[in-house]
Amino acid sequence: MKPLNLLLIYLSLILIEGCNTCEVKNIVATVNQTTYLENVSSASAAWYQDGTTYIAGDDIPWLYQLDNSYNILNKTQLSHLDSLINGRTPGSIKADFESMDVFELHGREMMMVVSSGSKKVTRDTAYLFPLATRAPIYKKNVRDLFDTISAQSGIKSGELNIEGLVVANEHVYLLQRGNVTSNFVVSISHEAFFDYFLNNTSVPEIMIYRFELPQFEGVSAGFSGACSSPDQAGLFFTASLENTKTATADGEVLGSYIGYIPFCGLEKGIFSICNLTYKDKQFTKKLESITLKNTLSEGVYEVIGVGDNDDGSSDIIELTLSLK
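My numbering puts the sequence shown at residues 1390 to 1713.
What follows is the structure, encoded as structure tokens:
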């Protein structure tokens, strides 16, 4: 073989190897302060934009809007359940809103809020609406999609617990909380997912990517929320250590994490993660979601998380996040 041909082959191999690498960035997160929300129950999903924080909770039927001081400005009713006890929907019938995201669809800025899928009939609905007006609200029972995820992942339907939603990179990503099963990310084509949602086409093809998150004192961390990174090269996620034997029951919270998954690392389960501390102690709030507030400098961000106290109250957690 001629030397030139050998050189071309060598260069091609280098290029191929370079294309197959996936940069693992280090993530560091610092809790700056927490704010107690006495009148917002079970916050489990959040989105921040232009001075407003939007919050959905797993046992309330509303989407809340909060100002920069975290006072309630407004609330929009999503599920129409009137059987509230002390302002909370009983666990047997609650919609269990666990994830949300905001994205552009057909030229409009839209928000989607999704139930967890952890129980049939009550927890299998997704809501889609324009963020500016919050009306009209499109809703769809997505139990057939949840059943497909359960079957393809090999878990029982009662063990499904979708707690993160990210729409980015021409895909829709759903994160399964694997505290009693396995943590995985479901990837669906953006076009196929919204064709299914809006036009009632068949359940779209899904891909499942599994992740081995940390354990502490025999308790496995489980995905609890997510949002896209600003460059849409990956997603930030929250994960919590909750000592419970089921996908739905509450338990003692032993800690929380923030992590990063580059989209190029989905197939190999690549991620970086940071254990959270506050005032030199383990942070034992149940961090349930994450949303970007501000970019401070390259790779350094202000983010907001929400915490569910399991007692009818919640917390806002403000953090600084570095990804380099």
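The beta carbon of each residue, even a glycine, is placed where N, CA and C say it ideally should be.
CB-CB under 6 Å to residue 1670, same chain, minus the five flanking residues each way: which ones, in chain order?
-> Within the sequence shown, the letter at position 281 stands for residue 1670. Excluding sequence positions up to five before and after residue 1670, its CB lies less than 6 Å from no other CB in the same chain.
Excluding sequence positions up to five away, which residues of its chain have a Cβ less than 6 Å from the Cβ of residue 1424?
-> As a working mapping, residue 1424 is identified with position 35 in the sequence shown. In the same chain as residue 1424, and ignoring 5 residues on each side of it, the C-beta atoms closer than 6 Å to its own belong to 1459 and 1705, in chain order.
Residue 1557: first and last residue of the uninterrupted alpha helix (DSSP H) it sits in | Translated into the one-based positions of the sequence shown, residue 1557 becomes position 168. Careful: residue 1557 lies outside any alpha helix (DSSP H), inside the beta strand (DSSP E) at 1551-1557.
Comparing alpha-carbon positions, which option in 1687, 1697 and 1679 lies nearest residue 1708?
-> Here residue 1708 refers to the residue found at position 319 of the sequence shown. Ranking the options by Cα distance to residue 1708, first place goes to 1679.
Which runs of the alpha helix (DSSP H), 4 residues or longer, sit entirely within the segment 1508-1553?
-> Correct list: 1532-1542.
Measure from the alpha carbon of residue 1547 to the alpha carbon of each residue in 1417, 1509 and 1682, then state which is nearest.
-> Taking the sequence shown and counting its residues from 1, the one referred to as residue 1547 is at position 158. Nearest option by C-alpha distance: 1509.
Assign residue 1585 to one of three DSSP states: helix, strand, or coil.
-> In the sequence shown, residue 1585 corresponds to position 196, counting from 1. Annotated three-state conformation of residue 1585 is helix, per DSSP.
Cβ-based neighbour list, residue 1631, same chain, cut-off 8 Å, excluding 5 preceding and 5 following = If you number the sequence shown from 1, residue 1631 lands on position 242. Apart from the 5 residues on each side of it in sequence, residue 1631 sits with its Cβ closer than 8 Å to the Cβ of 1568, 1608, 1611, 1639, 1640, 1641, 1642, 1643 and 1675 in its chain, given in chain order.
Return the residue from the list 1448, 1444, 1465 and 1449 that minimises the CA-CA distance to residue 1455.
-> For the purposes of this step, residue 1455 is taken as the residue at position 66 of the sequence shown. The shortest C-alpha separation from residue 1455 is found at 1444.
Within its chain, find whatever has a CB closer than 8 Å to the CB of residue 1537; leave out the 5 residues flanking it on each side and keep chain order.
-> Stepping through the sequence shown from its first residue, residue 1537 is reached at position 148. Hits under 8 Å: 1592 and 1595.
Compute the distance between the beta-carbons of residue 1710 and residue 1695, then report whether it is under 8 Å.
-> Taking the first residue of the sequence shown as 1, we reach residue 1710 at position 321. Taking the first residue of the sequence shown as 1, we reach residue 1695 at position 306. No, they are not a contact pair.
Are the beta-carbon atoms of residue 1602 and residue 1581 separated by less than 8 Å?
-> Against the sequence shown, residue 1602 aligns to sequence position 213. Against the sequence shown, residue 1581 aligns to sequence position 192. No, they are not a contact pair.
Which whole-angstrom value is the C-beta distance of residue 1526 and residue 1467, which I expect to be below 8 Å?
-> Here residue 1526 refers to the residue found at position 137 of the sequence shown. Here residue 1467 refers to the residue found at position 78 of the sequence shown. Between residue 1467 and residue 1526 the Cβ distance is about 7 Å, and since that is below 8 Å, they are a contact.
Residue 1652 - partner residues in DSSP beta bridges = For the purposes of this step, residue 1652 is identified with residue 263 of the sequence shown, where counting begins at 1. DSSP lists no partner for residue 1652.
Could you tell me if residue 1448 is buried or exposed, where buried requires 16 or more neighbouring beta carbons within 10 angstroms of its beta carbon?
-> Taking the sequence shown and counting its residues from 1, one reaches residue 1448 at position 59. Classification of residue 1448: buried, given that the 10 Å Cβ count is 16 or more.
What is the rounded straight-line gap between the Cα of residue 1701 and the Cα of residue 1597?
-> Stepping through the sequence shown from its first residue, residue 1701 is reached at position 312. Stepping through the sequence shown from its first residue, residue 1597 is reached at position 208. So the two alpha carbons sit approximately 34 Å from each other.
Which same chain residues, not among the five before or five after residue 1713, have their C-beta less than 7 Å away from its C-beta?
-> Here residue 1713 refers to the residue found at position 324 of the sequence shown. Cβ within range, chain order: 1414, 1415 and 1688.
For residue 1580, does the three-state DSSP call read helix, strand or coil?
-> By one-based count along the sequence shown, residue 1580 stands at place 191. Helix at residue 1580.
Note down the Cα distance separating residue 1440 from residue 1491, rounded to an integer number of angstroms.
-> The residue labelled residue 1440 in the question sits at position 51 within the sequence shown. The residue labelled residue 1491 in the question sits at position 102 within the sequence shown. Rounded to the nearest angstrom, the two C-alpha atoms are 15 Å apart.
With a cut-off of 8 Å on the beta carbons, I'd call residue 1549 and residue 1507 a contact; round off their distance for me.
-> Sequence index remark: in the sequence shown, residue 1549 carries index 160 (1-based). Sequence index remark: in the sequence shown, residue 1507 carries index 118 (1-based). Contact annotation, residue 1549 with residue 1507: C-beta distance approximately 6 Å; criterion of less than 8 Å satisfied.
Can you tell me whether DSSP reads residue 1678 as helix, strand or coil?
-> For the purposes of this step, residue 1678 is identified with residue 289 of the sequence shown, where counting begins at 1. In the structure shown, residue 1678 sits in a strand (DSSP, three-state: E or B).
Mark residue 1469 as exposed unless 16 or more other C-beta atoms lie within 10 angstroms of its C-beta, in which case mark it buried.
-> Position 80 of the sequence shown holds residue 1469. Per the 10 Å Cβ criterion, exposed.
Confirm, please, whether the CB-CB distance from residue 1624 to residue 1646 is below 8 Å.
-> Counting from one through the sequence shown, the residue named residue 1646 turns up at place 257. Counting from one through the sequence shown, the residue named residue 1624 turns up at place 235. With contacts defined by Cβ atoms closer than 8 Å, residue 1646 and residue 1624 do not form a contacting pair.
Could you tell me if residue 1512 is buried or exposed, where buried requires 16 or more neighbouring beta carbons within 10 angstroms of its beta carbon?
-> Residue 1512 sits at position 123 when you count from the first residue of the sequence shown. Buried.
Count the other C-beta atoms from every protein chain shown that fall within 10 angstroms of the C-beta of residue 1417, then say buried if there are 16 or more, exposed otherwise.
-> On the sequence shown, position 28 is the one that residue 1417 refers to. Around the beta carbon of residue 1417, a 10 Å sphere encloses fewer than 16 other beta carbons of the protein chains shown; the residue is thus reported as exposed.
Straight-line gap, residue 1499 to residue 1587 (C-alpha atoms, nearest Å) | Numbered from its first residue, the sequence shown carries residue 1499 at position 110. Numbered from its first residue, the sequence shown carries residue 1587 at position 198. Straight-line Cα distance between these residues: approximately 13 Å.
Roughly how far, in whole angstroms, is the beta-carbon of residue 1613 from the beta-carbon of residue 1677, given that I think they are within contact range, below 8 Å?
-> Locating residue 1613 in the sequence shown gives position 224, counting from the first residue. Locating residue 1677 in the sequence shown gives position 288, counting from the first residue. Going by Cβ atoms, the distance from residue 1613 to residue 1677 rounds to 5 Å, so yes, they are a contact pair.
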